[in-house]
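Colleague: Structure provided below as structure tokens; questions to follow.
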Amino acid sequence: MPTLNILMIEDEAADFLLIKRHLRTGGLETDLHWVQEEAGLHRALEHGGWDVVLSDYKVPGLDFAQSLAKIKDRLPDVPVILISGSIGEETAVELFKSGLADFVLKDRLFRLIPAIERCLNEAGEKRKRRTAEARLVRNEQLMRSVLEGTADAVFVKDGEGKYLLFNAAAARFAGVMAEQVIGHDDTVVFPPATAQKIIEQDRMIMASGRVNIFEDEVLHVGGEIRCYLTTKGPTFADDGQVNGLFGIAHDITDRIRAEVLLKNQEEEYRRLSQEYKTLLDNVPDVIVHLTNDYRILWVNRAARQMFKLAEDSRSYQGRHCHEVFWSRPEQCTDCPIVRCASTECNEIGFLSPAHNGQEFEIRAIPMRNQAGEIGSIIEIARDITAHRKLEEQFRQAQKMESIGTLAGGIAHDFNNILSAILGYGDLALEDMAEDHPARKSVQTMIEAGMRASHLTKDLLLFSRKQVSQKEAVDINQIIGRIEKFIRRIIGEDILCQTHLAKESLVIHADSHQMDQVLMNFATNARDAMPGGGVFSITTERIRIDQDFIDLHGFGIPGPYARITVADTGKGMNPQTVAKIFDPFFTTKEMGKGTGLGLAVVYGIIKQHQGHIEVTSTPGKCTVLTVYLPLLAADPHDHRDTIGLEQPRGGRETILLAEDEPTVRELYATVLKKNGYGVIEATDGEEAVRVFTEHKEAIDLLLFDLVMPKMNGKQAYEAIQHLQPAIKGIFISGYAPENIQQRELLDMHVEILFKPVSPRDLLRAVRHALDASRGTAG
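Going by this note's numbering, 1071 is the number at position 434 of the sequence shown; the sequence numbering is gapless.
Okay, here's the thing in structure tokens:
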């Protein structure tokens, strides 16, 4: 049984806990919501979603009978079970009449779980019955709506030829009221000769016992002759004997007249086609003349060449365009030609109906006859496949940017949560003895939190908002260093080959992220070659020129490192290749892939001003090609060194501004524990106001970068106007955009990125305060 959402109305905490424990020990999975007063009951009923309501009889401020009536009014299908010490028999009877499902004495709680299960079963059966009854009503209404709403005449006769059913369309065709026909034969509907003909026809059909479909001309009482496509067949009694006849008649008079008119029009079209054929055959675009039901009348030479049509027009003339051009049984979705026939206006659209990568710009122009009606449609098609490549690349970049923004926002919020978890975990460890029984549990919690922080880094990498510790590195050295790890990942049955350029290929990159890219490639290659194969990495120096940029839609002229990663695995079809960089897309089994790997790779490459391409042949191989801009400098000239001094406390006062309460409380606790004075603010505006009141006492600003009302940077600038020498530290759940990074660097303000450990926070605070004192001195 799934978890039950149970609403519990009880004023005594002890009774509530007793019942909760009884349900749990009884093996019933529940989500128990406790209500003690009328306001809480009202909110619970507004919330809804309850499976069962349990209630004490006497709850201060609540009359049980009124509460029961209110619950049954709002939640008629939810059973209510009374749990009380004792009530009178007459009261119990009245409550059962009012909708009470069951009654359990508090000293007999062993009946509670069986009572809940029985009430739920009864409620389920009631719902099933109501559903079945409603379905029967709907079906009956549906059949009546179909019969009365159809444009075809539908009728049923008994064995003597008397009408049992005569729908609205049949009455409209015959020009009589249905009530005048029921119980009578065809003599009240048609002229005598026509009625006699129909009666004899019906007798033959009933005698044959088979369904007949035929076209028939019928003379009506008013003298009008109309043509019908009629279906008639016998009806059968329970014993299998024919006991009547049913019929469906579709008026096809207008269709036949239209066919005659169309034939005349086609003769006119043939005459006109000779006049413009020579001219249109010399136009390079595909031009097709269609009927208004999309049948081909004529095509020009460009159409015959593009679609490899025979010179003899009989092979395609009169057939639907979607059949001839695209081998499709139905009209193309969102076809401009269909829209043109509907709107009677010029239409334009873009289609790829052949599923072979080709895309066409299609224009549809309605052609009107002398009466101003749409007689045919001119289709003009142009192959724009070559023009779409740059547009597709641009759209892909926009899509990945949008999804990246979402991923960055999620990671930002998650980092706030992790800051509290990891920070308080570190504080707890500091206060625990080495042999404390809970120490290992706290360490395990911190380790899990660190793994979660790695996930947020992956999300930030994908969104290109994770700070990269970039330096000048030789991609050949990175591959050489990680090659042994790759061999362990892919296994002994896969041959790993590296073909590295002889010269150094120095790029400005985060070596850890480059490791991540290569390891991801290796993991995917391993999964693509379960039976073994070859995995290769090749590097070379190339120069991108304008021709390359025009062809690929990427890059600026200059030297690049090209990294080609190939495997001899099962490959991918074009549809899969188009989606492999989408977040959470995976071809692996459930539980064996997150779908973030290549999305993160895409984010890393773009963050390094690079480009990645994929080609794959199903059943043979997959090749991934990465382009990264080269540097001319030596990789050892750009390495940063970071001091690892031990954090120490102080007596200074720090203004802390953080909008997330748990994170703010954590930072304040860490700082106060190490001797600092802390003044707290919940947003940028409050921080400026607090500083104005205490500016002589405040030594350092510690601001969250993103806050409501006024962000950290704006608050810092406002305070600098009051005290230019004040120093500050920014904290953020994700790195700001590049232009913001440059602005913050110009301000010479250190940035810490969540989750921030207490040690890192204290180190940064001490460093900023010491630097401030040194500057002041």
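We put the CB at the ideal spot given by N, CA and C, even for glycine.
Can you look up Y931 in the DSSP assignment and give me helix, strand or coil?
Modeller: The answer is coil: DSSP assigns Y931 none of H, G, I, E or B.
Colleague: By the three-class DSSP mapping on this structure, what secondary structure does E1317 have?
Modeller: The answer is strand: DSSP assigns E1317 an E or B state.
Colleague: Between A676, H679, E675 and L655, which has its C-alpha nearest L669's C-alpha?
Modeller: Ranking the options by Cα distance to L669, first place goes to L655.
Colleague: Buried or exposed: where does D1434 fall if 16 or more other Cβ atoms within 10 Å of its Cβ makes it buried?
Modeller: With the chain covering only 638 through 1414, there is no way to say anything about residue 1434.
Colleague: Pull up the CB-CB distance for I596 and V1251, whole angstroms please, since I reckon it's below 8 Å.
Modeller: Any property of residue 596 remains undetermined from this structure, which presents the chain solely from 638 to 1414.
Colleague: I need the DSSP call for P1255, collapsed to helix, strand or coil.
Modeller: Note: P1255 maps to coil in three-state DSSP.
Colleague: Check F1390 in the structure and name its three-state DSSP category.
Modeller: Strand, per DSSP.
Colleague: With a threshold of 8 Å, are at least 3 pairs of Cβ atoms found where one atom belongs to the stretch 872 to 892 and the other to the stretch 907 to 922?
Modeller: No, the stretch 872 to 892 does not touch the stretch 907 to 922.
Colleague: For the alpha helix (DSSP H) that Y1431 lies in, which residues bound it at each end?
Modeller: Summary: the structure shown does not reach residue 1431, with the chain confined to residues 638 through 1414, and so no result is reported for it.
Colleague: Just to confirm my understanding: we take E1374, look at its own chain, exclude 5 residues before and 5 after, and list those with CB closer than 6 Å. What are they?
Modeller: Residue confidence for E1374 is low, a pLDDT of 43 falling below 50, so the modelled location carries little weight and cannot support an answer.
Colleague: Among all the DSSP beta bridges, which residues are the ones paired with F851?
Modeller: For F851, which the question treats as bridged, DSSP gives the partners T867.
Colleague: Alpha carbon to alpha carbon, what distance is there between G1240 and I1131?
Modeller: Roughly 28 Å separates the two Cα atoms.
Colleague: What residue ranges within the stretch 647 to 703 form continuous alpha helix (DSSP H) runs of no fewer than 4 residues, ordered along the chain?
Modeller: The qualifying runs are 650 to 662 and 675 to 684.
Colleague: Measure the alpha-carbon distance for D1274 versus A1109 and round it to whole angstroms.
Modeller: For D1274, the predicted model reports a pLDDT of 46, less than 50, meaning its position is unreliable; a value from the coordinates is still stated below. When rounded, the distance between both Cα atoms is 7 Å.
Colleague: Using a Cβ-Cβ cutoff of less than 7 Å, which residues in the same chain neighbour F1158 once the five nearest sequence positions on both sides are dropped?
Modeller: Cβ neighbours of F1158 beyond the five flanking positions: V1202 and L1261.
Colleague: Measuring straight from C-alpha to C-alpha, what distance separates M780 and C982?
Modeller: C-alpha separation (whole angstroms): 39 Å.
Colleague: Go ahead and label S1039 buried or exposed: buried means 16 or more other beta carbons lie within 10 angstroms of its beta carbon, across all protein chains shown.
Modeller: So S1039 counts as exposed.
Colleague: Which complete beta strand (DSSP E) runs does the stretch 1114 to 1147 hold, if anything under 3 residues is left out?
Modeller: Whole beta strand (DSSP E) segments, 3+ residues: 1131 to 1136 and 1143 to 1146.
Colleague: Report the residue from I885, I750, A808 and F701 whose alpha carbon sits nearest the alpha carbon of I724.
Modeller: Taking only the C-alpha atoms, the option nearest I724 is F701.
Colleague: Alpha carbons only, please: which of K1207, P1255 and I1186 is nearest the one belonging to Y1197?
Modeller: Ranking K1207, P1255 and I1186 by Cα distance to Y1197 puts I1186 first.
Colleague: Kindly give me the distance between the Cβ atoms of G1060 and P1395, rounded to whole angstroms, as I take these residues to be in contact under 8 Å.
Modeller: Sure, about 6 Å apart at Cβ, within 8 Å.
Colleague: Take the Cβ of P829 as the centre, count every other Cβ of all protein chains shown within 10 Å, and call the residue buried at 16 or more, exposed below.
Modeller: So P829 ends up on the exposed side.
Colleague: Apart from the five residues on each side of it in sequence, which residues of its chain come closer than 6 Å, Cβ to Cβ, to G1349?
Modeller: Within the same chain, G1349 has close Cβ partners F1340, D1341, L1342 and F1367.
Colleague: Could you tell me which residues DSSP pairs with V1110 in its beta bridges?
Modeller: I1144, per the DSSP bridge assignment.
Colleague: Let me make sure I understand the geometry here. Which of F1328, I893, Q878 and S845 has the alpha-carbon closest to that of E854?
Modeller: Among F1328, I893, Q878 and S845, the Cα nearest to that of E854 belongs to I893.
Colleague: Do P1361 and S1056 have their CB atoms nearer than 7 Å?
Modeller: Contact: no.
Colleague: Can you look up N804 in the DSSP assignment and give me helix, strand or coil?
Modeller: Three-state result, N804: coil.
Colleague: Alpha carbon to alpha carbon, how far is G663 from F747?
Modeller: The straight-line gap from Cα to Cα measures roughly 9 Å.
Colleague: If the criterion is Cβ atoms closer than 7 Å, does the pair A1236 and L1337 meet it?
Modeller: In this structure, L1337 does not lie closer than 7 Å to A1236 by Cβ.
Colleague: Excluding the five sequence neighbours on either side, which residues of its own chain have a C-beta within less than 8 Å of the C-beta of K1257, listed in chain order?
Modeller: Excluding sequence neighbours, K1257 sits near T1205 and G1208.
Colleague: Beta-carbon within less than 7 Å of I1356's beta-carbon, same chain only, minus the 5 sequence neighbours each way: which residues are those?
Modeller: Contacts found: V1325, F1328, L1338 and I1363.
Colleague: Would you grab the beta carbon distance between T1022 and E996 for me? Rounded to a whole angstrom, and I think it's under 8 Å.
Modeller: Right, their Cβ atoms sit about 5 Å apart.
Colleague: Across which residues does DSSP place I718 in a beta bridge pair?
Modeller: I718 pairs with L691 and D739.
Colleague: Leaving aside the five residues before and after T831 along the sequence, list all residues of the same chain whose C-beta is less than 7 Å from its C-beta, in chain order.
Modeller: Excluding sequence neighbours, T831 sits near V855 and L856.
Colleague: Which class does T890 belong to by DSSP, given the choice of helix, strand or coil?
Modeller: Helix, per DSSP.
Colleague: Among the residues of its own chain, which have a CB less than 6 Å from the CB of V791, if the five just before and after it don't count?
Modeller: Within the same chain, V791 has close Cβ partners L784, N804 and I885.
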